[in-house]
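A short worksheet on the structure shown next.
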Amino acid sequence: RLQGAPVLLALPGLQPLGNLSAAPHRRTQRHELTPRRRPDTIGRRPFFALNSMNNPTPSRLLAADSFRQQAAPQLSNVRLLVVGDVMLDRYWFGDVSRISPEAPVPVVRIERREERLGGAANVARNAAALGAHTGLLGVAGADEAGDQMDALLKDGGIHSYLKRDEAISTIIKLRVIGRQQQMVRID
3 RLQGAPVLLA LPGLQPLGNL SAAPHRRTQR HELTPRRRPD TIGRRPFFAL NSMNNPTPSR
63 LLAADSFRQQ AAPQLSNVRL LVVGDVMLDR YWFGDVSRIS PEAPVPVVRI ERREERLGGA
123 ANVARNAAAL GAHTGLLGVA GADEAGDQMD ALLKDGGIHS YLKRDEAIST IIKLRVIGRQ
183 QQMVRID
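Numbering (my numbering) for the sequence shown: 3 to 189.
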């Protein structure tokens, strides 16, 4: 089973997403902190604030005001492979009208159910929704939840490279929601 955050891989031989600067992340330097005293802090330690208004740090991605001059990248020319833990998010929505007599917990009468892609599959769904040609590589169980995930991937236009393993169960996160509030999550 893959562990950690999803990984995005751009496949070779394709158009780049854009001309992004490779400048390293810059830490705030000590001289950029300017001590300022507020009237209510006399006798106490000074309040430190970033001197960013006078000395703006340029973005690593775009120069100042370049967002007004550059067109958005054509994601329809991008092929993307998302690799990571895949899961199925299930939501049960209902109404809470009473408290259980057995324990002080609300009783939710389920009225509607939804299933959505979760984890790395959600990242792939978002990329496909933006127009990228997206594939998903991960491991799912050879069970009903894995079949449902395959159907959701197909509906979202995502090419599935899922390995179906009979030895594991597909990860499911079930959330029970009543009165627009999550009551419980079952993993």
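C-beta: ideal position from N, C-alpha, C; glycine also. Since this is a predicted model, take the numbers as computed values, not measurements.
Would you mind listing the beta strand (DSSP E) stretches within the region 155-179 that are 3+ residues and don't spill past its ends, in chain order?
-> 161-167
Tell me whether S162 is buried or exposed, calling it buried when 16 or more other Cβ atoms sit within 10 Å of its Cβ.
-> Counting from one through the sequence shown, the residue named residue 162 turns up at place 160. It counts as buried.
Examine the Cβ distances between the region 110-125 and the region 88-98 and report whether three or more of them are shorter than 8 Å.
-> yes
Q76 bridges to which residues according to DSSP?
-> Against the sequence shown, residue 76 aligns to sequence position 74. Answer is none; Q76 lacks a bridge partner.
Taking L132 as the reference, give the member of V186, L164, S171, V80 with the closest Cα.
-> Taking the first residue of the sequence shown as 1, we reach residue 132 at position 130. Of the listed residues, the one whose Cα sits closest to L132 is V80.
Any idea which residues DSSP pairs M151 with across the strands?
-> Counted from its first residue, the sequence shown places residue 151 at position 149. Bridge partners of M151: none, in fact.
Stretch-stretch touch, CB-based, cutoff 8 Å, three pairs: the region 147-159 with the region 176-185 = no
Between the Cα of Q150 and those of A134, I101, R187, A123, spot the shortest distance and give me the residue it belongs to.
-> In the sequence shown, the residue the question calls residue 150 occupies position 148. The residue with the shortest Cα to Cα distance from Q150 is A123.
Start-to-end residues for the beta strand (DSSP E) that takes in A142 = Counting from 1 along the sequence shown, the entry for residue 142 is found at position 140. A142 -> beta strand (DSSP E) spans 135-143.
Using the C-alpha atoms, what's the distance from T172 back to D145?
-> In the sequence shown, counting from the first residue as 1, residue 145 sits at position 143. In the sequence shown, counting from the first residue as 1, residue 172 sits at position 170. Using only the alpha carbons, I get a separation of about 7 Å.
When the distance is taken between beta carbons, is L139 closer than 8 Å to L83?
-> Your numbering for residue 83 matches position 81 in the sequence shown. Your numbering for residue 139 matches position 137 in the sequence shown. Yes, these two residues count as a Cβ contact at 8 Å.
In this structure, does DSSP put R181 in helix, strand or coil?
-> Position 179 of the sequence shown, counting from 1, holds the residue named residue 181. Residue state, collapsed to three classes: coil.
Cut-off 6 Å between Cβ atoms - residues of its own chain near H135, not counting five sequence neighbours on either side = Counting from one through the sequence shown, the residue named residue 135 turns up at place 133. So the list reads R81, once near-sequence residues are dropped.
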